[in-house]
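Read the structure below first, then the notes.
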Amino acid sequence: MPRHRRRDRRGNAGGTRTCPPSSIASRHRQPSILGAPLPHPNIHIESAGAITTVTIDRPRRKNACTPAMWAGLRHGFRDIAESSARAVVLTGAGGDFCAGADVGPTDDTEASADQPPRHRIDHMRDIADTVMAIHDCPRPVIAKVDGVAVGAGFGMALAADMVWCSERARFSLIFAKRGLSLDFGTSWLLPKRIGLHEAKRLAFTGDIIGASRAAELGIVNEVVAAEDLDAAVDEMAATLAAGPPIALANSKRFLNNASNISLFQALEAEALGQGVNFATHDTKEAMRAFVEKRDPAFEGW
Numbered sequence: 071m072p073r074h075r076r077r078d079r080r081g082n083a084g085g086t087r088t089c090p091p092s093s094i095a096s097r098h099r100q101p102s103i104l105g106a107p108l109p110h111p112n113i114h115i116e117s118a119g120a121i122t123t124v125t126i127d128r129p130r131r132k133n134a135c136t137p138a139m140w141a142g143l144r145h146g147f148r149d150i151a152e153s154s155a156r157a158v159v160l161t162g163a164g165g166d167f168c169a170g171a172d173v174g175p176t177d178d179t180e181a182s183a184d185q186p187p188r189h190r191i192d193h194m195r196d197i198a199d200t201v202m203a204i205h206d207c208p209r210p211v212i213a214k215v216d217g218v219a220v221g222a223g224f225g226m227a228l229a230a231d232m233v234w235c236s237e238r239a240r241f242s243l244i245f246a247k248r249g250l251s252l253d254f255g256t257s258w259l260l261p262k263r264i265g266l267h268e269a270k271r272l273a274f275t276g277d278i279i280g281a282s283r284a285a286e287l288g289i290v291n292e293v294v295a296a297e298d299l300d301a302a303v304d305e306m307a308a309t310l311a312a313g314p315p316i317a318l319a320n321s322k323r324f325l326n327n328a329s330n331i332s333l334f335q336a337l338e339a340e341a342l343g344q345g346v347n348f349a350t351h352d353t354k355e356a357m358r359a360f361v362e363k364r365d366p367a368f369e370g371w
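For the sequence shown, our numbering assigns the number 71 to the initial residue and increments by one for each residue that follows.
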């Protein structure tokens, strides 16, 4: 796979790291490369072949995330971006996706007692970096939602490229009911999915909507029975993992940026992208496979 230059939230180029997906899950207790923080013990990252699964595992709090868990997600997705993974599944343990941010006393309180106090805005900027790590991951990301996805948990699902959910999934922008305004990128992500007026209704009311309504609005791609959710997501992840990763990464970047640039700029980006694609082995393989009337075998370069 090509090595990716990582950029921070301000667009500055960062250092390049490589990490094969098979090593990601085992690094909870090992020294981190380049001194980066280790994944949080409630964030599990496991790889099976070309598919990497990120699981938020704090079911007693409906997978509500602490500041340290947001950091674990952020660093985990940055590692995945530089790995040989070809598709990512983001999910929660214990029958829920994520209940947002944990605003009460947390497991991290004692561990952070010796750290200097930080302004709330700095914490929010850390969360913003987590949003960007998920949204800008060059691999296709599927959010697998069972149970609740509320507040920042709703935003996390929206930051993924696709959302598959069970019939018992529930979504809410709960912020208004907590005296808060929108965060985790929901003010930007949700209107692009469902339009401005429907986004305002969900934001102003904090209403909880079920899976069928979420599908009607365009929040989710597919709704399946809870017992079929794993198999449905596995099938889609396998389809994505079998695709040409360089071309898919280009297409993802084009679509993510489409609303922020002109048609001329989009056409120029597409031209540059195709220039890269035609230089890859995968495009040559796809052309041969078409002529030979067989499925292509993409290798990622």
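Idealized CB from N, CA, C, for every residue including glycine.
Keep in mind it's a predicted model, so treat the numbers as computed, not measured.
Candidates the options: closest to residue i by CA position
i, options, result
"Asp-231", "Gln-335, Met-139, Leu-318", "Leu-318"
"Ala-171", "Leu-250, Gly-164, Val-293", "Leu-250"
"Ile-126", "Ser-236, Gly-370, Val-215", "Val-215"
"Asn-330", "Lys-262, Asn-291, Arg-130, Trp-140", "Lys-262"
"Thr-123", "Arg-131, Arg-130, His-114", "His-114"
"Ala-308", "Ala-141, Arg-190, Arg-156", "Arg-156"
"Ser-117", "Asn-133, Leu-143, His-145, Ser-154", "Ser-154"
"Ile-197", "Asp-166, His-145, Arg-248", "His-145"
"Ala-281", "Arg-238, Arg-130, Leu-272, Arg-248", "Arg-238"
"Phe-245", "Leu-259, Leu-272, Phe-334", "Leu-272"
Whether residue i touches residue j by CB criterion (8 Å)
i, j, result
"Cys-135", "Ala-219", "no"
"Phe-224", "Thr-200", "no"
"Leu-243", "Leu-252", "yes"
"Ala-222", "Phe-147", "no"
"Ala-229", "His-205", "yes"
"Val-303", "Val-159", "yes"
"Asp-277", "Pro-314", "no"
"Ile-150", "Arg-209", "yes"
Exposed unless 16 or more other CB atoms sit within 10 angstroms - verdict on residue i
i, result
"Asn-112", "buried"
"Arg-128", "buried"
"Met-306", "buried"
"His-193", "exposed"
"Ser-332", "exposed"
"Phe-241", "buried"
"Trp-234", "buried"
"Phe-360", "exposed"
"Glu-369", "exposed"
"Asp-298", "exposed"
"Ser-96", "Note that Ser-96 scores 36 on pLDDT, short of 50, meaning its location in the model is unreliable; the coordinates nonetheless yield the value given after this. So Ser-96 counts as exposed."
"Ile-191", "exposed"
Where residue i falls: helix, strand or coil (DSSP)
i, result
"Leu-160", "strand"
"Phe-241", "strand"
"Lys-363", "coil"
"Ile-150", "helix"
"Ser-117", "strand"
"Ile-316", "helix"
"Thr-125", "strand"
"Val-346", "helix"
"Ala-230", "coil"
"Ala-138", "helix"
"Ala-341", "helix"
"Gly-174", "coil"
Minimum Cβ-Cβ distance from residue i to chain B less than 8 Å
i, result
"Arg-148", "Of the protein chains in the structure, only one exists, and it is not chain B."
Quick check on the DSSP output: what are the complete beta strand (DSSP E) runs of length 3 or more inside the stretch 189-224, in order along the chain? 211-215, 218-220
Which runs of the beta strand (DSSP E) fall wholly inside the stretch 235-306 and span at least 3 residues, in chain order? 240-242, 278-280, 292-294
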